[in-house]
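Chains A and B supply the protein sequences, listed in that same order. Note that the first sequence covers residues 8 to 380 in our numbering. Note that the second sequence covers residues 8 to 380 in our numbering. Glycine residues also receive a C-beta, built at the ideal position from the N, C-alpha and C atoms. Computed from a predicted structure; not experimentally measured. Scroll down for the structure; my scribbles are underneath it.
2 protein chains.
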Amino acid sequence: MAAPPGSGLAGTNGTVDKGVDFANYFCTYAFLYHQKEMLSDRVRMDAYYDAIFKNKQHFAGKVVLDVGTGSGILAIWSAQAGARKVYAVEATKMAQHAKALVQANDVQDVVEVIEGSMEEINLPEKVDVIISEWMGYFLLRESMFDSVICARDRWLKPTGVLYPSHARMWMAPVRSGLGDQKMTDFEAAMTDWYNFVVDTENNYGVNMNVLTKSYREEHEKYYLKTSLWNNIHPSQIIGTSAVIKEIDCLTATVDDIRNVTAKFSLPIHVDRSRLSAFAGWFDVQFRGSMENPAENEIELTTAPSIENSTHWGQQVFLVHPPLRVNEGDEVIVDLSMSRSKDNHRLMDVNITYELQLSSGKHLKPTSTKYFIE
Amino acid sequence: MAAPPGSGLAGTNGTVDKGVDFANYFCTYAFLYHQKEMLSDRVRMDAYYDAIFKNKQHFAGKVVLDVGTGSGILAIWSAQAGARKVYAVEATKMAQHAKALVQANDVQDVVEVIEGSMEEINLPEKVDVIISEWMGYFLLRESMFDSVICARDRWLKPTGVLYPSHARMWMAPVRSGLGDQKMTDFEAAMTDWYNFVVDTENNYGVNMNVLTKSYREEHEKYYLKTSLWNNIHPSQIIGTSAVIKEIDCLTATVDDIRNVTAKFSLPIHVDRSRLSAFAGWFDVQFRGSMENPAENEIELTTAPSIENSTHWGQQVFLVHPPLRVNEGDEVIVDLSMSRSKDNHRLMDVNITYELQLSSGKHLKPTSTKYFIE
C-alpha cells in the first residue's frame, strides 16, 4: 500500500500517539480514491485472488482474520472461497464502506467487519488464517507488518497459516535519468537561493547567508537523498539483483524487521555503463506453512517489469555522482535501514557502496544516508 | 501564510491535541523552503517593510512581540527600526534558524527568539507593539489569528498597537475556465469508476456498485466543492466586489471570527457573461490605533492584480452550473463560514446565491457547501 509521508511525533519507548498516527498515516486509507487505486492494481489483485481461490482448502470451513481490510475485498474473497467466519478489521472509517460492500455481496453471514486497530480490538476466537495486504514501498515502509505480527501472536491458532507466508527485499544496480534530473533541479534551487540572498540584502537590508548551509542540506535531502518512486524498466538493470532480506511471516518478530542490515554484492553485466542508482523492491509468496502447505504456491512480485508493474513501483536511491562501471565490475554494498525517530512508519537507509573493478582493484567506499519518506 | 491541509482530530470543548496540530499544521513551517516562499513574496515583504520603516515612531525605543516569527524577518526589521527589545516567538524548530539570522544580522542584543507556542510561553514584560503575519488563504484559513488574540490579551499594554491593525474579507463574482476543467476531471473520474465497477465484477466476482454514491460524493467534494487556489486576473471579475467581513485586530475576539456570516449583493457589470465562481481574498491595513495612529497608513491587499499578485492568490468557489448573467443583474449572496469539526484550522463555507435579473425577477436560490482545505 502506498501512503503519503507525514512528519509526526513518536512517543518514547515505542509508544506512538494515536491521534498523531492517524493524522500522519491512517487518514489516507479512509478515502475511496486511495482504495480504488489499490483495487485497480491488477498484479496485486490477481496474486491475492489466485492465492485464495487456488488454495480453497486453507479457507473452506475455516476462520479467517483480515488485518487492515480496507474496502473488505480480501474478506469477501475469503468468504466466497468458503470460509466459515471472517473477521475483517479496519482502523479507519473505510470500515463503514467495507460493511456496505459485504452486505451488497451477500456475505454478511460470514464476514464481520470490526472498526478499530488490530492492537486494541478483541476477537471471540482464534483463527486458522490471517490474510493481509500490509506491504509498503520497499516492503517495510509504513511498518504495517507490526500489526500483522500483533494479530498473529494474539489470534493465530498454532496450526494457522499466514497469507502471504514469506517476503523478500531485493536490490539491483540501475542506470537512470532521474539522477541528472534531480541534480539539475537541486542546482536550480540553489541558484534561485543565491539570487534570493542577494535580493533580500539589497531590498530589505537582511543578510540571509547564514541559512545557506541549512537550505542546501534541506534541498539535498529533498532532491538527492530521498528515495524516489519510479517504474524501472527491466532494461535499466545493469547487473545481478540481490535478495537483501528474507522474512518468514510465521516467525518474524518486530525486532527482526525494526533494523534491516545486509551486506551484498551486485555484479555488473553491462559494459561501459553508469551506475546511477540502486533500485529496491519486494516480493511475497503464499506458500502456507511447513505443516500446512498451500496446494498452489503463488507469488506477488514488484520487480521491474514491462507488463506487470504495480502501484508500488520501485524505490530508487540515487548515486551521486554516477559510477562508471564495466562488465565484470562488482558493487559491494553495506545497507542498514532503521525507522525514523520522528515517525516509525518512515525509514532512514544508510548505504555504503564500494566499486571493485574487474581488475580486482577497489575504489574508495562512499557512504550516503537516504530517507524513505 | 500558506500551509497544506491535514485531516486530524479536534478535541472536545475546543482543545486541540498538540501532537496532532503539529502533524497537521505546524510542521510545514519548519521547512526553509516554505519560509523562502513567503520571504520571496515581494508584495507581502514590501507591505510589512514599509509598515515598519515608515512608522518608526511606533518601534523606536519600544518593546515588540512578533507572533510566529518564522525566519525572524519581522523581528529583525523591528530591531533595525530602533526597537529597544523584540520577543520573537516561534513554535517550530525554525526558531533555531531565526536565532542564527538574528545573530548574523547583529541584532542579538535586541531580539530574543523564544521557541514555543504563544499560548504557553511567558514574557518578562508587556509589549508596546504586536506584529505578526498570521493571514491564511481567504484571511482566516489556519486560524492563526487566535494566537495573536491570545498574545494581545496576555501581553499588549493598554496603549499598545497591532501590526496589522485591521483586516477585511472580500468577495467578487468571476468568470473562469476552472469550473469547466474541474467538471471534466470529475466526469472522467466517474467514467473511470464505472469501468472499474464492471471490471471488478467480471474479473474478481465482487460488485462495487454499492460504493458509487460515496465515491461520487468524495469526488464531487474534491473536484467541485473544495475551494481552489488561483491567481484571478482582474479582467475575470464581472461585477462589483463586496467587503464581507471587517476585523478590528485590537478588539476582535475568537467568537467574532469563529463563525463568519454575511449577506451581500454583487451587481454584475459585464453583459452576456457567465458567473462561474465566487472569488474570495483579503486585505489588511497598518493604521495603528485611535489613540496612537500610524504616521503612514500602509495596506497589504491580495485582490486580483496584474502586477502585484501574492502567494495567497485568491480562493475560488465554483458555481455549477455557471449562471448566465447580464449587466444590471445582481447576485444576492448569503455566506456562512465556520471551522471544520475535524480540524479547526480548515473551514466549511455555506454559500446560498440567488440571481436577481435586471428586470427585477428573482430566480430560485441555490445553496452549496464548500470546503477550504
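Residues of chain B with a Cβ closer than 7 Å to the Cβ of threonine 207 (chain A) are, in chain order, Leu46.
If you draw a 10 Å sphere on the C-beta of alanine 67 (chain A), you find fewer than 16 other C-beta atoms in it, and that means exposed. Across the segment 84 to 105 of chain B, CB contacts with chain A closer than 7 Å involve Gln87 and His104, in sequence order along the chain. Restricting attention to A:Thr268, A:Ser150 and A:Ser242, the CA atom closest to the CA of valine 23 (chain A) is found in A:Ser150. Contact check for tyrosine 94 (chain A) against valine 136 (chain A) fails: the beta carbons are separated by 8 Å or more. The beta carbon of methionine 101 (chain B) sits closer than 7 Å to those of Tyr36, Ala37, Gln42, Gly77 and Ser78, all from its chain and outside the five residues before and after it, given in chain order. With respect to chain B, the C-beta atom of isoleucine 379 (chain A) has no partner C-beta closer than 8 Å. Runs of alpha helix (DSSP H) with 4 or more residues, each lying fully within the segment 155 to 214 of chain B, are found at 185 to 211, listed in chain order. Around the Cβ of valine 267 (chain B), a 10 Å sphere holds 16 or more other Cβ atoms; the residue is buried.
Rounded to the nearest whole angstrom, the CA to CA distance from aspartate 263 (chain B) to serine 296 (chain B) is 19 Å. Annotation for tyrosine 144 (chain A): Ala9, Ser234, Trp236, Trp319, Gly320, Gln322 and Ile379 place their beta carbon closer than 8 Å to its own, counting only its chain and skipping 5 residues before and after.
For valine 50 (chain A), the closest of A:Val291, A:Asn333, A:Ser374 and A:Ser343 by C-alpha to C-alpha distance is A:Val291. Rounded to the nearest whole angstrom, the CA to CA distance from alanine 107 (chain B) to proline 328 (chain B) is 53 Å.
Sequence-ordered contacts of the segment 38 to 66 of chain A with chain B read Phe38, Leu39, Tyr40, Lys43, Leu46, Ser47, Met52 and Tyr56 [C-beta pairs closer than 7 Å]. Beta-bridge analysis with DSSP links proline 274 (chain A) to A:Glu337. Every beta strand (DSSP E) stretch that sits fully inside the segment 106 to 150 of chain B and reaches 3 residues is listed by chain position as 118 to 122 and 134 to 138. Contact of phenylalanine 203 (chain B) with chain A by beta-carbon distance below 9 Å involves Lys43, Leu46 and Ser47. A straight line joining the alpha-carbon of isoleucine 156 (chain B) with that of alanine 259 (chain B) spans about 8 Å. Taking C-beta atoms as the reference points, lysine 252 (chain B) and methionine 176 (chain B) count as a pair closer than 8 Å.
In this model, lysine 228 (chain A) and tyrosine 377 (chain A) are separated by some 8 Å (Cα to Cα). Inter-segment contact for the segment 279 to 287 of chain B and the segment 196 to 216 of chain B is absent: fewer than three beta-carbon pairs are separated by less than 8 Å. Listed in chain order, the non-local C-beta contacts of methionine 125 (chain B) below 7 Å within the same chain comprise Val74, Val96, Ser154, Cys157 and Ala158, local neighbours out to five positions each way being set aside. At a cut-off of 8 Å between beta-carbon atoms, glycine 77 (chain B) makes no contact with chain A. When C-alpha distances from asparagine 333 (chain B) are compared across B:Glu306, B:Ala174 and B:Arg279, the shortest belongs to B:Arg279.
The Cβ-Cβ distance between lysine 232 (chain A) and threonine 375 (chain A) falls below 8 Å. Taking the Cα positions, phenylalanine 29 (chain A) is about 28 Å away from glutamate 132 (chain A).
DSSP places methionine 45 (chain B) in the helix class (H, G or I) of the three-state scheme. Counting of Cβ neighbours within 10 angstroms places isoleucine 313 (chain A) among the exposed residues, the total staying below 16. Here the segment 55 to 67 of chain A does not lie against the segment 115 to 129 of chain A, with fewer than 3 beta-carbon pairs under 8 Å apart.
The Cβ atoms of valine 213 (chain A) and isoleucine 83 (chain B) lie closer than 8 Å to each other.
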